[in-house]
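Heads up: the structure comes next, in C-alpha cells.
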Amino acid sequence: MIRSIYSQQNLEVNLSEEVMLLANNITCRTSLGKRYYSGEGATRILKETQALFMGFFFADYVPTLGWLDKFTGMRERLEENFRELDGFFQRVIDEHLDPLRKGDTRDEDVVEALLDLRRWGRDVSDEHIKGVLMNIFVAGSDTSSATLDWTMAELMRNPEVMRKAQNEVRRIIRNKEKVVESDLDQLHYMKSIVKESLRLHSPVPLLVQRETIQHFKINGYDIPAKTRLLINMWTIGKDGDVWENPEEFYPERFIDSSVDFRGQHFELIPFGAGRRICPGLNSGMLVVELALANLLYLFDWEMPNGMTKNEINMSESPGVTVHRRFPLRLQAKRFSGLQK
17 MIRSIYSQQN LEVNLSEEVM LLANNITCRT SLGKRYYSGE GATRILKETQ ALFMGFFFAD
77 YVPTLGWLDK FTGMRERLEE NFRELDGFFQ RVIDEHLDPL RKGDTRDEDV VEALLDLRRW
137 GRDVSDEHIK GVLMNIFVAG SDTSSATLDW TMAELMRNPE VMRKAQNEVR RIIRNKEKVV
197 ESDLDQLHYM KSIVKESLRL HSPVPLLVQR ETIQHFKING YDIPAKTRLL INMWTIGKDG
257 DVWENPEEFY PERFIDSSVD FRGQHFELIP FGAGRRICPG LNSGMLVVEL ALANLLYLFD
317 WEMPNGMTKN EINMSESPGV TVHRRFPLRL QAKRFSGLQK
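Counting the sequence shown from 1 gives a position; my numbering is that position plus 16.
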C-alpha cells in the first residue's frame, strides 16, 4: 500500500481501494500463503464478494420478498460469485496438496494448518476449509478496511485531530523508515482515534446473533429460552445517555478513560463480548493501527481538486459490514521531515 501511494504522489489516490487491497493481501498471505494483486482474477472475485455483502437483498429484510432479488439481478450475481469463490478456494486447497509445490511453506498459513489436522486424522473436509476461509475474509479484511476508511475520512473532516495525531506519531517515531508493531503502544492519541472511530462507525452495526439458553427478564421484559437476540452496536455508540455529544468525532473522550473495545465495557463492544467475542480482534486491530500509523507518519494529506473537508460524503452503504458509500479520494504528499 505504501509503495502504491508513493507512486501516486501529488495525484489523486483512491484511499478506499488502497486500504481494501491492503486488508485483502494481508488476509490472503496469512490464510492462503500468498498475496494477490489488483490485476489478478482472485482480487476481482474477492472484491465482488465484499460488494455483495454490502449489497441490498430483499430476503435479508423480508424473507417472503426474496423472489424480488431475481429481478434486481442480485440473486444471479450471488450465485455466480459463489461458484467463482468456491472454485478459487478449491484451487488454493489443491495447490497446497500438490507434492511438487514450490518452497517450504508448511505451517505458514491457515489452509496448511487445517490440512495438517486432516493428516492427523481429524474430520476436516474441503468444504470445512472453504467455510473457514469465507469467515476469515468476510470478518477480517472487510471490517479492517472499513474501519481504516471511516477513520481517515473523519480525520480529513477534523484537521485539528489529524494534526495532533501526526505530531504524536512523528514525535515518537522520529526519523525511522516506518512505524513498526513495537511502536504502537506509545501512540496513545492515535489509539483513542481508533476507539472513537469504532464507536461512531462500528463496522458491523448489528453484532452476530446470540440465542438465549434459558428464560430471563430484562427491565421487566420476559425473554423466553431460545430467543435470537441482535445487539445494535450502531445505536449503543450513539446513545446520548452514555456518550456526551455522541454525533461528534472527539477522540479526547477516551484519553485517561478505561473504556476499551475488548468486551469488558458494554458501551463499546464492536467485536462482541464473552466467550464468543470476535477471534480476529487482535489481528484485525493490529492491521488497522499499523496501517493508520504509517499513513499518518509518512504522508501529508489534502483534499483533491480544491474540495473542502465539508464536501466529504459520509453516507453509509448498507450491508453486513457498513462501508462508506463513496470512495475516499485524497492527495498524498510525502512528509518532508523524513530522511531520504
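Where a beta carbon is used, it is the ideal one built from N, C-alpha and C, also for glycine.
Since we're looking at a predicted model, the values are computed, not measured.
What does the Cβ neighbour count give for residue i, buried or exposed, with the cut at 16 atoms within 10 Å?
i: R215; result: buried
i: K86; result: exposed
i: N191; result: exposed
i: Y313; result: buried
i: K207; result: buried
i: W259; result: buried
i: T159; result: buried
i: S213; result: buried
i: Q25; result: exposed
i: K233; result: exposed
i: T228; result: exposed
i: A39; result: buried
i: L116; result: exposed
i: F104; result: buried
i: G335; result: buried
Please work out which residues of its chain come closer than 7 Å, Cβ to Cβ, to residue i, disregarding the five sequence neighbours upstream and downstream, and give them in chain order.
i: P320; result: E28, R345, L346, Q347
i: R226; result: L245
i: L84; result: F74
i: T337; result: F69, M70, D158, T159, A162, P219, V220
i: T394; result: One cannot answer for residue 394 here, as it falls past the ends of the chain, which runs 17 to 356.
Near residue i, which residues of its chain fall below 8 Å by C-beta distance, leaving aside the five closest residues on each side in sequence?
i: N326; result: R173
i: N310; result: I18, K194, V195
i: H144; result: L130
i: E124; result: G49
i: S299; result: T46, G156
i: K180; result: Y205
The alpha helix (DSSP H) spanning residue i covers which residue range?
i: V338; result: Per DSSP, V338 belongs to no alpha helix (DSSP H) and is neither H nor E.
i: N97; result: 90 to 113
i: Q182; result: 175 to 189
i: H281; result: Where H281 is concerned, there is no enclosing alpha helix (DSSP H), given that its DSSP letter is neither H nor E.
i: V148; result: 142 to 152
i: I18; result: 18 to 23
i: L133; result: 126 to 135
i: A75; result: 74 to 77
Between which two residues does the beta strand (DSSP E) carrying residue i extend?
i: I209; result: I209 -> not in any beta strand (DSSP E); alpha helix (DSSP H) instead, spanning 204 to 216.
With which residues is residue i paired in a DSSP beta bridge?
i: Q347; result: E28, E318
i: F232; result: I239
i: S333; result: H339
i: N248; result: L222
i: E227; result: R244
Counting only the same chain and skipping the five closest in sequence on each side, list residues whose C-beta sits under 6 Å from that of residue i.
i: G57; result: none
i: I293; result: G279, F287
i: E95; result: none
Quick one: does residue i have its CB under 7 Å from some CB of chain B?
i: E327; result: In the displayed structure, chain B is absent; only one protein chain is listed.
Three or more C-beta pairs closer than 8 Å, one from the segment 172 to 189 and one from the segment 155 to 163: is that the case here? Verdict: no, contact absent.
Meets three-Cβ-pair contact criterion under 8 Å: the segment 299 to 309 and the segment 158 to 167: The segment 299 to 309 vs the segment 158 to 167: in contact.
Any contact between the segment 269 to 278 and the segment 135 to 144? By contact I mean 3 or more CB pairs, one from each, below 8 Å. With contact defined as three or more Cβ pairs closer than 8 Å, the segment 269 to 278 and the segment 135 to 144 are not in contact.
At least 3 beta-carbon pairs within less than 8 Å: the segment 28 to 47 vs the segment 59 to 67: These segments touch.
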